[in-house]
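In our numbering, the protein residues as written are 572 to 640.
For reference, the structure discussed in these notes is given below.
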Amino acid sequence: MAVFRCRTCGKEGTWAYDRERFTCPLCDSIDVQFIISRDAVPEGDPLLNDPDSPSKKSDETSQSKKAVE
Numbered sequence: 572m573a574v575f576r577c578r579t580c581g582k583e584g585t586w587a588y589d590r591e592r593f594t595c596p597l598c599d600s601i602d603v604q605f606i607i608s609r610d611a612v613p614e615g616d617p618l619l620n621d622p623d624s625p626s627k628k629s630d631e632t633s634q635s636k637k638a639v640e
């Protein structure tokens with residue numbers, strides 16, 4: 572289960588994770604925050620980074636270090 576908090580309708584609650592939904596489950600507003608446990612994300616979902624692939628942040632850090640050199 573994931574947790575959501577909507578700034579438009581002021582509601583919070585839990586919902587079943589759906590990677591196609593980016594809006595409040597109650598009022599359909601885009602002004603919503605989601606907290607998703609790593610265990611709730613299905614295998615192969617893009618939210619899960621492959622542990623062997625570098626994150627975007629580490630790529631940016633290594634590129635900025637190369638630019639300084």
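Even glycine gets a Cβ: it sits at the ideal position worked out from N, Cα and C.
Based on Cα-Cα distance, which residue from CYS577, ALA573, GLU583 lies nearest to SER600? CYS577
Exposed or buried, what is PHE593 when buried is set at 16 or more other beta-carbons lying within 10 Å of its beta-carbon? exposed
Just list the residues that DSSP pairs VAL603 with in beta bridges. CYS577
N- and C-terminal bounds of the beta strand (DSSP E) containing GLU583: 583-586
Within 10 angstroms of its Cβ, does CYS598 collect 16 or more other Cβ (buried), or is it exposed? exposed
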